[in-house]
Structures are given as structure tokens and as C-alpha cells.
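Residue numbers (the numbering used here): 702 to 816.
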């Protein structure tokens, strides 16, 4: 899994998931599973463009952290990137307490906010 926190003026982009999708009617950051043959960087730049229409190049992308996630059914590495940019809709960490987030995102927001 790969994700990106896109920030502007201390706020970051959240995307609202459609009701019919898994974890629907919740907010999340641009993220997804890397396809075979892609690097995490290539994937997240493509995903960001597809989900937000924001174009970045690799120079604007900053690696933040890799977290290992364990669920009862599976384990995975979760790569987190960061970019500062003009954004469509950004939230402060405090504002995210008032909306429905996808599972575990609140913890990652706290992790990212603390650096």
C-alpha cells in the first residue's frame, strides 16, 4: 500500500469515498496498492493524478515513512509520502475528528502530524 499526505498551509487533502465502495462514505487520503512493475513513487504520482487531477513530479514528492501493518487476514508494508501543494480541500488534524475516516487513518494522521 502507498499513500500521500498533500499539505497546504497546515491542512491536507482528504477524499470522500463513494457509498458503494469498501469503506464507503468515509474520508481518506490518496492511496492504493502498487501494481507489478511500478515503484511506490510511480504509483502514488499516478494515483494522485487519477483521484485529484493534481500533477506532481518525483522532485516534489517526499518520502515520509514505511509502516508495517498486520491484520488477522494479511500483513503489508504501508509507504507514506508527502507533498506541499495548493490543494482542493484540506483539513487540520483537529478537523478530522469531526468526520468519518476510513479505518486506521486517524492513527496515521496522528503519526504524520507528530513527524
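Every residue gets a Cβ at the ideal spot worked out from N, C-alpha and C, and that includes glycine.
Could you tell me whether the Cβ atoms of residue i and residue j are closer together than 7 Å?
i	j	result
residue 813	residue 706	yes
residue 725	residue 719	yes
residue 735	residue 703	yes
Relative to the alpha-carbon of residue i, which residue among the options has its alpha-carbon at the smallest distance?
i	options	result
residue 810	736, 734, 794	794
residue 752	764, 742, 731, 724	731
residue 760	778, 807, 782	782
residue 768	806, 717, 721, 722	806
residue 727	815, 800, 808	800
With respect to the beta strand (DSSP E) encompassing residue i, which residues constitute its N-terminal and C-terminal limits?
i	result
residue 705	703-709
residue 734	Per DSSP, residue 734 belongs to no beta strand (DSSP E) and is neither H nor E.
residue 714	712-714
When the cut-off is 7 Å and only beta carbons count, does residue i lie next to chain B?
i	result
residue 768	Considering every chain present, this structure includes no chain B. It has just one protein chain.
Give me the Cβ distance between residue i and residue j, rounded to the nearest whole Å; I'm assuming they're in contact under 8 Å.
i	j	result
residue 762	residue 784	6 Å
residue 746	residue 729	Rounded, the Cβ-Cβ distance is 18 Å, inconsistent with contact.
residue 738	residue 748	In fact, because the Cβ distance is near 15 Å, the residues do not count as touching under 8 Å.
residue 786	residue 709	6 Å
residue 713	residue 792	6 Å
Output the boundary residues of the alpha helix (DSSP H) element that contains residue i.
i	result
residue 743	741-753
Sequence ranges, beta strand (DSSP E) only - wholly within the region 765-810, length at least 3: 776-785
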